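First up is the structure itself, then whatever we jot down about it.
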Amino acid sequence: MCLAIPAKVLEVSGDKARVDFGDGVLREVNVSLVDVQPGQYVIVHAGFAIQVLDEKEAEETLRIWQEILSYGEEDAEVQVQGQRAS
Amino acid sequence: MLKFRYRDRELAKRIIDKLRQMKLNLQIMHVCGTHQDTIVKFGLDSMLREVGVKVIAGPGCPVCVTTAREFEEAVALAEAGKTVAVFGDAYRVPGITKSLAQAKARGRDVRIVYSIEDAVKLAAEGREVVFMAIGFETTAPSTAVTLLKEPPENFTVLTCHRYVPPVLKAILEMGEVRLDGLIEPGHVSTIIGVKPYEPLSERFKIPQVIAGFEPLDVLMAVYMIAKQVARGEARVENEYTRSVRYEGNTKALKVIDEVFEPVDIEWRGFPVVPGSGMKLKRGFEEYDARRRYEDELKKVQEMPYVKPKGCKCDEILRGLKEPADCPLFGRACTPQHPVGPCMVSIEGSCAIEYKYGRRRVS
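Chains as they are written, first to last, in our numbering: chain Z, 103 to 188; chain S, 65 to 426.
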């Protein structure tokens, strides 16, 4: 039920957007709950986009994990805590 | 695709190694069926158990926590000649006398929809349509937005929406299960943000981590909880920053507040949970199926409900039992012939266990 799937926004027209779920499936979804531009990724739940995915944040998260897990140093840990506080 | 990078085996192995070094003995609950799916699908539960972490499922499946009486209300409306629109996930869940699927087999008009907007389209064709609105904060905004747009007057909503934080509080207050940490649901949190969890960590001294749904998200959440436990901390961390902002989705929260207000409501397996139901506010009564069809629904309130014999859904939803502990699992209860909702919903613990082939332990 809370299953939600990322999709790429192709075009926006008012409350509606055409999105690509990545497997060639194009669908129209309601985007009235988000502010979104074509080219961005949204998370879609029950026909509604509920958030715009932050791609930079996604990359950054992976980078920080790599750091923590490579060295296990508290320095890297501090960075992650700081980021989480935002 | 980014998705696959969140499945990196090397990183997963490193997290498990770190956890092993910590010599843990932890029990952590998550409250999201999609987390359960990730955990079982990728075998994370057995990997984690080997390093001293047991992850259990709580009341995280909205279809499962909806009561038999609420399903019976939808059945009664179908039997009274209304068109009942419902998410496919809830179609086969037994009410008190039967499921919506069984009502349909007897000629009633029950439609599976992907979105509330599909249900509104059905109403535009002129029939009386009742949408069974199941779901947590993730789904409620779509109901709210739709009602704010003034759908046709022959459209009503049977609201079964629920807020998640009150049930977390109820679980912690009940204290039936030992919990060293909570993994919070990423998509509910996408809407509500980080703040609603903070009072729980303060009051119950429990670490919480909001997590996404890829294997690394879940493993990292466990690691973050383990770190907090090791340091004697109890706070809310957000692992799923690519979707969850501190303040949540403010647009979505605003429409929920415009349309719904908290009400005490029963959850399957739980007593009444204060302030956990979403009731339509004044001004939206005309769309309230319980109000419009009060007479048709009266008999449902008076019906005695006897829990199916042997069914362990209640205990599973409270984190006390697992599907394999249920004598009906995979025998009398299967996805084709479900006895309880946990075997119906794609987010139900039993359906997930069954789907990935772990049908019986003995």
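For glycine and all other residues, C-beta sits at the position ideal for the given N, C-alpha and C. In this text, all values refer to a predicted model and were calculated from it rather than measured experimentally.
(message) Using only the alpha-carbon positions, how far apart do residue 165/Z and residue 156/Z sit?
(response) Along the first sequence, read from residue 1 onward, the residue named residue 165/Z stands at position 63. Along the first sequence, read from residue 1 onward, the residue named residue 156/Z stands at position 54. Computed Cα separation, rounded: 14 Å.
(request) Using a Cβ-Cβ cut-off of 8 Å, state whether residue 119/Z counts as contacting chain S. (result) Along the first sequence, one-based indexing puts residue 119/Z at 17. So no, residue 119/Z is outside the interface.
(message) Would you say residue 241/S lies against chain Z (beta-carbon separation less than 8 Å)?
(response) Numbered from its first residue, the second sequence carries residue 241/S at position 177. No, its Cβ sits nowhere closer than 8 Å to a Cβ of chain Z.
(message) List, from N- to C-terminal side, the alpha helix (DSSP H) runs of 4 residues or more that fit wholly inside the region 232–312 of chain S.
(response) 250–256, 262–268, 279–295
(request) Measuring only between beta-carbons, confirm whether residue 159/Z sits less than 8 Å from chain S. (result) On the first sequence, residue 159/Z is found 57 positions in, with the first residue counted as 1. Yes, its Cβ sits closer than 8 Å to a Cβ of chain S.
(request) Using three-state DSSP, classify residue 418/S as helix, strand or coil. (result) The residue you call residue 418/S lines up with position 354 of the second sequence. If DSSP states are grouped into helix, strand and coil, residue 418/S belongs with the helices.
(message) Is there a Cβ of chain S sitting closer than 8 Å to that of residue 115/Z, yes or no?
(response) Along the first sequence, one-based indexing puts residue 115/Z at 13. Closer than 8 Å: no.
(request) Could you check the C-alpha separation between residue 170/S and residue 133/Z for me, to the nearest Å? (result) The sequence position of residue 170/S within the second sequence is 106, counting from 1. The sequence position of residue 133/Z within the first sequence is 31, counting from 1. Taking the straight line joining both Cα atoms gives about 38 Å.
(request) Could you tell me which chain S residues have their CB closer than 8 Å to the CB of residue 150/Z, listed as they occur along the chain? (result) Indexing the first sequence from 1 puts residue 150/Z at position 48. Within 8 Å Cβ-Cβ: 179, 205, 206, 209.
(message) I want to verify the contact list: residues of chain Z whose CB lies under 7 Å from the CB of residue 284/S, in sequence order.
(response) Counted from its first residue, the second sequence places residue 284/S at position 220. Those are 167, listed as they occur along chain Z.
(request) Out of 103/S, 83/S, 134/S, 92/S, state which residue places its alpha-carbon closest to the alpha-carbon of residue 115/S. (result) Here the question's residue 115/S lines up with position 51 in the second sequence. Checked all of 103/S, 83/S, 134/S, 92/S; the closest Cα to residue 115/S is 83/S.
(request) Specify, as a first and last residue, the run of the beta strand (DSSP E) that residue 151/S falls within. (result) For the purposes of this step, residue 151/S is taken as residue 87 along the second sequence, with counting starting at 1. Element bounds for residue 151/S: 147–151.
(message) Restricting to Cα atoms, I'd like to know which of 111/Z, 122/Z, 124/Z is closest to residue 139/Z.
(response) By one-based count along the first sequence, residue 139/Z stands at place 37. Ranking the options by Cα distance to residue 139/Z, first place goes to 111/Z.
(request) Look at the alpha carbon of residue 124/Z and the alpha carbon of residue 130/Z, and state the distance between them as a whole number of angstroms. (result) Locating residue 124/Z in the first sequence gives position 22, counting from the first residue. Locating residue 130/Z in the first sequence gives position 28, counting from the first residue. Roughly 14 Å between the two C-alpha positions.
(message) Under 8 Å, Cβ to Cβ, is there at least one residue of chain S near residue 112/Z?
(response) Residue 112/Z sits at position 10 when you count from the first residue of the first sequence. False, the Cβ-Cβ gap to chain S never drops below 8 Å.
(message) Can you pull the chain S neighbours of residue 153/Z, defined as C-beta to C-beta under 7 Å?
(response) What you label residue 153/Z is simply residue 51 of the first sequence in a count that begins at 1. Under the 7 Å cutoff, chain S gives 254, 307, 313.
(message) Any contact between the region 338–355 of chain S and the region 251–260 of chain S? By contact I mean 3 or more CB pairs, one from each, below 8 Å.
(response) No, the region 338–355 of chain S is not in contact with the region 251–260 of chain S.
(request) On a CA-only basis, which of 246/S, 415/S, 402/S is nearest residue 232/S? Give me that one, please. (result) The residue you call residue 232/S lines up with position 168 of the second sequence. For residue 232/S, the closest C-alpha among the options 246/S, 415/S, 402/S is that of 246/S.
(request) Measure from the alpha carbon of residue 315/S to the alpha carbon of each residue in 127/Z, 153/Z, 146/Z, then state which is nearest. (result) Within the second sequence, numbered from 1, the residue matching residue 315/S stands at position 251. Of the listed residues, the one whose Cα sits closest to residue 315/S is 153/Z.
(request) May I ask which residues mark the beginning and end of the beta strand (DSSP E) holding residue 97/S? (result) Along the second sequence, read from residue 1 onward, the residue named residue 97/S stands at position 33. Not the beta strand (DSSP E): residue 97/S falls in the alpha helix (DSSP H), residues 97–105.
(request) Could you name the residues of the same chain whose beta carbon sits closer than 6 Å to that of residue 272/S, not counting the 5 residues immediately before and after it, in chain order? (result) Translated into positions along the second sequence, residue 272/S becomes position 208. So the qualifying residues of the chain are 246, 248, 261, 265, 300.
(request) With distances taken Cα to Cα, identify the nearest neighbour of residue 341/S among 187/S, 188/S, 179/S, 228/S. (result) The residue you call residue 341/S lines up with position 277 of the second sequence. Closest option to residue 341/S, Cα to Cα, is 228/S.
(request) With DSSP collapsed to three states, give me the class of residue 133/S. (result) Residue 133/S sits at position 69 when you count from the first residue of the second sequence. Correct three-state label for residue 133/S: helix.
(request) Please report the Cβ distance between residue 343/S and residue 327/S, rounded to the nearest whole angstrom; I am assuming they are in contact, meaning their Cβ atoms lie under 8 Å. (result) One-based indexing of the second sequence puts residue 343/S at position 279. One-based indexing of the second sequence puts residue 327/S at position 263. Confirmed, about 4 Å.
(request) With a threshold of 16 other CB atoms inside 10 Å of the CB of residue 239/S, please say whether the residue is buried or exposed. (result) As a working note, residue 239/S is residue 175 in the second sequence. Per the 10 Å Cβ criterion, exposed.
(request) List the residues of chain Z that residue 75/S touches, going by C-beta distances under 9 Å, in chain order. (result) The sequence position of residue 75/S within the second sequence is 11, counting from 1. Result: 164, 167, 168, 171.
(request) Taking residue 353/S as part of the alpha helix (DSSP H), name the residues at either end of that continuous run. (result) Looking up residue 353/S in the second sequence gives position 289. Looking at the DSSP string, the run of the alpha helix (DSSP H) that includes residue 353/S is 353–356.
(message) I need the straight-line Cα distance from residue 388/S to residue 113/Z, nearest angstrom please.
(response) Position 324 of the second sequence, counting from 1, holds the residue named residue 388/S. Position 11 of the first sequence, counting from 1, holds the residue named residue 113/Z. In a straight line, the C-alpha of residue 388/S is about 47 Å away from that of residue 113/Z.
(request) Enumerate, from N- to C-terminal direction, the unbroken beta strand (DSSP E) stretches of 3 or more residues contained entirely within the region 322–400 of chain S. (result) 324–330, 336–344
(request) Establish whether the CB of residue 290/S and some CB of chain Z are separated by less than 8 Å. (result) Position 226 of the second sequence holds residue 290/S. So no, residue 290/S is outside the interface.
(request) Flag residue 128/Z as yes if its beta-carbon sits less than 8 Å from any beta-carbon of chain S, otherwise no. (result) In the first sequence, counting from the first residue as 1, residue 128/Z sits at position 26. Answer no: the Cβ-Cβ gap between residue 128/Z and chain S never drops below 8 Å.
(request) Within its chain, find whatever has a CB closer than 6 Å to the CB of residue 188/Z; leave out the 5 residues flanking it on each side and keep chain order. (result) For the purposes of this step, residue 188/Z is taken as residue 86 along the first sequence, with counting starting at 1. A caution first: residue 188/Z carries a pLDDT of 35, below 50, which makes its placement in the model too unreliable to give a value.
(request) Can you give me the Cβ contacts of residue 168/Z inside the same chain, cut-off strictly under 8 Å, excluding the 5 residues immediately before and after it? (result) Position 66 of the first sequence, counted from the start, is the residue given in the question as residue 168/Z. Within the same chain, residue 168/Z has no close Cβ partners at all.
(message) On a Cα-Cα basis, can you pick out the residue from 230/S, 236/S, 193/S, 235/S that is closest to residue 221/S?
(response) Counting from one through the second sequence, the residue named residue 221/S turns up at place 157. Closest option to residue 221/S, Cα to Cα, is 193/S.
(message) Could you check whether the region 127–136 of chain S touches the region 102–118 of chain S, counting it as contact only if at least three pairs of C-beta atoms, one from each stretch, sit closer than 8 Å?
(response) no
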